[in-house]
Structure formats: C-alpha cells, structure tokens
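Structure first, then comments.
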C-alpha cells in the first residue's frame, strides 16, 4: 500500500512539474515574441547615395536643411571613418557588399561587368537571360540577382519572418535596385531611361508575372516627363562657395550645349541626349526616385504591422552628375543640396505613413570618387590617364614576338589581365612563364604601381600591405583574371575620359571613404572616428533585428551604434 501511495505521489508530482514547466516555457516565448514586436522597427530603410564622398557631408553642411542629412547626423549615429576594404570600388560590388556583409571574393560581384573566358565576352553583374522584362521590351529588363552568390540581410529577414516581411528595392539603376534587395525580394524596380528607354519603372519576371496596377498607374501619370525642365541652381549661384567656377575645362558638356554652365534646358536637350537619360543625369532623377518610393511605401503597405519590412533605395543620379561634372563642380553641389530636400521629403513621408520612431534608416555609398585628373594636374598634384586598350595591344605584340601566337591576352577589363588558356594549352606554352613576362611588362609602365598574379592572390593577406589585402578581398577565383594590377593614386584607366569628368575603381581614400549614418528606432545618438567597413553594415542591421547574419557575412556588428 505504501509503495502504491509513493508511486502515485511521484506520478502526480512529475505531471504537475511538467505542466508547470510547459506553462513557463510558453510564457517566456510569449514575452520574447512581445519584446520582438515592440523593440524591432516596422521598417528598415537602406539608402545608398551613389558616388558620395564623405566630405560631401562636411563641405555642404552649412547649406543643408534640418530635415535631411542633418536630421540623421543630429538624431542618429555618424561613423566618420567608414571605408571599403576591397578593390575595385565599383557600383555593383558596392551595393552587393553593403547588404551581404561580405566582399566580392565571396558574393561574386567582382565588378559591374567582367570578362567570361568561356563566353569570350563581358558579362553584366545582373544579366539573366532566363527572365523576361516587364514594363519594357528593352534588354535592360532582362535582369535578376542570379549572379550574386550569397544572401543579403533582407533575404535573412524574409526567412526569419516566414516570408511575411516584405522586401522592395528601388533605384534608377538596375543593379542599385536588384543587388540590395536580394534573392527573395517581393519586387525590385528600376527606371527604363537608357538607350532611349520608355521612361517606365520596370522589373523582370524573376519577381512577378506582371507589373502591379499602382506601378502602371505611376508610369502613366506623366511624372517622369514633368522633369524635362530647366535645371538651374537651387540657391543663388554666388553662394556656392564650396565648389569651383561654373564654366571650366574639367567638365563634360551635354550634347547640344556649347558650354558646361547653368542653366541646363533639359527639355531642349532631351532629343540629343537619349531622351529620359538626361533626367537621370540631373538631380531630377533623384526626385523621381523619391516620388516612386513614397508611392511604393503607400501601395505596398510597408511598415504597417509588427513584422519588419525592408526597403532599399539607391539614389543614382549623384553618380551620373559626378561622372559628368566632377566633385568640384557647381552641378555636384547643387545636386547634393537638392538631394538633401529629397531625403527630408522621404523622412517626412515615413513619419506620416510608418510613424516617427517606428523605422530604422542607414545611409551610405557604394564608392567615392577622385577629383578630375586634369584639375589635379593644374593644382600640381600628381595624377594621370592610362590607356588600357593601347596597353593590351602592346602586351599582345610582346607575346607574339616571343611565342608567335596572336591574342594570348584577351582582356584587361577591371585592371585584370585575362589570358587565353585554350590557346596557351594548345600551343604548349608555359603558363607561369607567360604570366611572368606579362607581369614584368605591366610593371614597366610608369603609372602602374603593383602587379599580382592569380597564383599569389591567396597568399596576399599574409602581406603587411593594406592594398594587397584589398586585392584579396576583391578577387574571386572563378571570375577574376590571371593577373591584377593597380595604378598610382589619382590615375584613371582609359584615355577616353580625356580631361573631363571623373571615375572610380581604386583602393585609395578618395574611393573608399564614404558616409555611414544610422538613425531611427534602436539607434544610439553619437559619432565615432573608429574605422568601420562596408561589410559591417549588414551584420549590424541583422543584430538589431535579432535575425541570422547573411550566410557569407564576415563583418562585425557595430555594437556602439545599437541602443
């Protein structure tokens, strides 16, 4: 009888204990869920300003209003020493690295275009012939993120929320919309402006079967056409003391103009400048981006519940204006003063539609830019232009003299020499010897300061040189060339740039040092001069959201940013 009583007592004790533990676990899970919903932002907005040097924040600061850049700097956190940690600093790799938390070595976007040895041609970083365009018949609609080999933090948020959290990517440039939003985005939209495009916001069948009604209505609204207007300075030009003279020899000229000076009559110039393309090459491309973004937030109900959505925005026209006119131009100053107003308009819209304090924003750039080389030369600062096409011909002439085989070097795109391995093998040429011959030839050029063979790339991190590590981070063994080379500071590839406009590619500070601002829900107020890297952004946002880091992320969360 005693044994039966004890057995019954133990049975009742364990049943009661197990039930109470279940209640405790359930209660903890409910609390965690409640905490997640209360502390996480309803919307994360990732903003990329294409080709924004860090000093654009400080040079034009006194002219910015209170609601754009200054709002982010006064209410949020400013990482003042933020850099890219790889070469080349291009648009495609920049956007991919920001949102994946890793470098081209792993995400595979080694440039905007790269040479494919099998296809014997350059391939675009977002080309995908398996999809169809929507909103246009142009080849600019045949795009997807298929070339990107890893996930973004937006992808991880989609997985974490069981695909309930939305992701929308928006940019005038296709790669600026597609790469940040990742593989699982509900949509990526870009503007069909190039090659006398339709002026529509478009996408591809990678994302959907047909454009949503709201996009069709926006395209039919005439909003894009309204920006065929006069581009004059926002403020009195005499107050633009932070930039050089308006008319000078360092800037490109729109077709149809005789001088590079204000005002620019876009309506009169459109036919000679590929129609809508001239809007993309003015600050009004940014205005149109904001117009479309605000409509997307409303139509897609972004940030309207406790499940975090992600919105990626890339303002592309800053890059277009930068390439044409350079960092010291009145046009670039005016473009940033107008962009400041666009950011204010965006933040006001977010305050109204999502709620002030309910969203989190970060703002950065995909690369910086150097001053125009001819301008630097006139200021007695060393710079120069380098003709890659001429170099390729000279290399092949040298190789033919030695091996009696034509065109052994196929391409010098992205400062990388691609060799014809089929010919080399067929002619039984010693590959290592050939690489040595080419490397010595490249190093003989006055403006080239470093040459590295592919076989040495994987040993580069052991070297003490920072640029050598950047080359390692930017190298993908399946997509990069056989030999990589770098120029002296302030040297441009391709003589086609001549004496006007600017470009970007290098591992020098003018190309690597860009803004990084955070503000909104979960973000501290402050600033740091500690060096941070582009690969730190995605893990920081992931940590803020409590989600998995992107699958190839190698960056470090910036714990001093998160509240």
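In this note's numbering, the protein residues as written are 24 to 586. In this text, a Cβ means the ideal position worked out from N, Cα and C, and glycines have one as well. Note that the coordinates shown come from a computational prediction; the quantities given were computed from them, not determined experimentally.
Asked                                                                                                                             : Found
C-alpha gap between residue 257 and residue 305, whole angstroms                                                                  : 13 Å
Straight-line Cα distance separating residue 370 from residue 524                                                                 : 32 Å
Where residue 405 sits in the DSSP three-state scheme                                                                             : coil
Outcome for residue 73 when other beta-carbon atoms lying within 10 angstroms are tallied against a minimum of 16                 : buried
Sufficient close CB pairs (3 or more, under 8 Å) joining the stretch 305 to 314 to the stretch 489 to 499                         : no
Neighbourhood of residue 116 by C-beta, 6 Å cutoff - its chain only, sequence neighbours within 5 removed                         : 127, 132
Residue 99 vs residue 560 beta-carbon contact at 9 Å                                                                              : no
Residue 531 in three-state terms, based on DSSP                                                                                   : coil
Residue of 310, 279, 285, 428 minimising C-alpha distance to residue 298                                                          : 279
Contact set for residue 178: own chain, Cβ-Cβ below 6 Å, skip 5 residues either direction                                         : 205, 206, 207
Inter-stretch contact at 8 Å, needing at least 3 Cβ pairs: the stretch 105 to 112 / the stretch 181 to 198                        : no
Residue range of the unbroken beta strand (DSSP E) whose run includes residue 476                                                 : 471 to 476
DSSP-derived helix/strand/coil call for residue 354                                                                               : helix
CA-to-CA distance, residue 334 to residue 568, given in whole angstroms                                                           : 14 Å
Opening and closing residue of the beta strand (DSSP E) in which residue 338 lies                                                 : 332 to 338
At least 3 beta-carbon pairs within less than 8 Å: the stretch 437 to 448 vs the stretch 132 to 145                               : yes
For residue 144: DSSP bridge partner residues                                                                                     : 139
Among 302, 410, 460, 361, the one whose alpha carbon lies nearest that of residue 516                                             : 410
Residues of its chain near residue 37, where Cβ-Cβ distance is below 7 Å and the 5 sequence neighbours each way are ignored       : Reliability fails at residue 37, whose pLDDT of 44 lies under 50, so the model's placement of it is uncertain and the value that follows must be treated cautiously. Result list for residue 37: empty, nothing under 7 Å.
C-beta atoms of residue 261 and residue 222 nearer than 9 Å                                                                       : no
Straight-line Cα distance separating residue 95 from residue 500                                                                  : 39 Å
Cβ neighbour criterion (16 or more within 10 Å) applied to residue 448                                                            : exposed
Inside the stretch 171 to 195 only - beta strand (DSSP E) runs reaching at least 3 residues                                       : 190 to 194
DSSP three-state assignment for residue 433, whether helix, strand or coil                                                        : strand
Backbone CA spacing between residue 550 and residue 429 [nearest angstrom]                                                        : 57 Å
Beta-carbon proximity check, residue 439 vs residue 507, cutoff 9 Å                                                               : yes
Buried or exposed by the 16-neighbour rule on C-beta atoms within 10 Å, applied to residue 356                                    : buried
Spatial distance of residue 325 from residue 318 (CA atoms)                                                                       : 10 Å
Assumed close pair residue 105, residue 555 - CB separation to whole angstroms, cut-off 8 Å                                       : 5 Å
Run of the alpha helix (DSSP H) containing residue 128, from where it starts to where it stops                                    : 127 to 130
Beta-carbon contacts of residue 233 that lie in its chain and below 8 Å, excluding the five residues immediately before and after : 157
Which of helix, strand or coil DSSP assigns to residue 233                                                                        : coil
Nearest candidate by alpha-carbon position, reference residue 153, set 166, 90, 396                                               : 166
Where residue 171 falls, given that 16 or more other Cβ within 10 Å makes a residue buried                                        : buried
Entirely enclosed alpha helix (DSSP H) segments - the stretch 249 to 273, minimum 4 residues                                      : none
Rounded distance between the beta-carbons of residue 437 and residue 134, thought under 8 Å                                       : 4 Å
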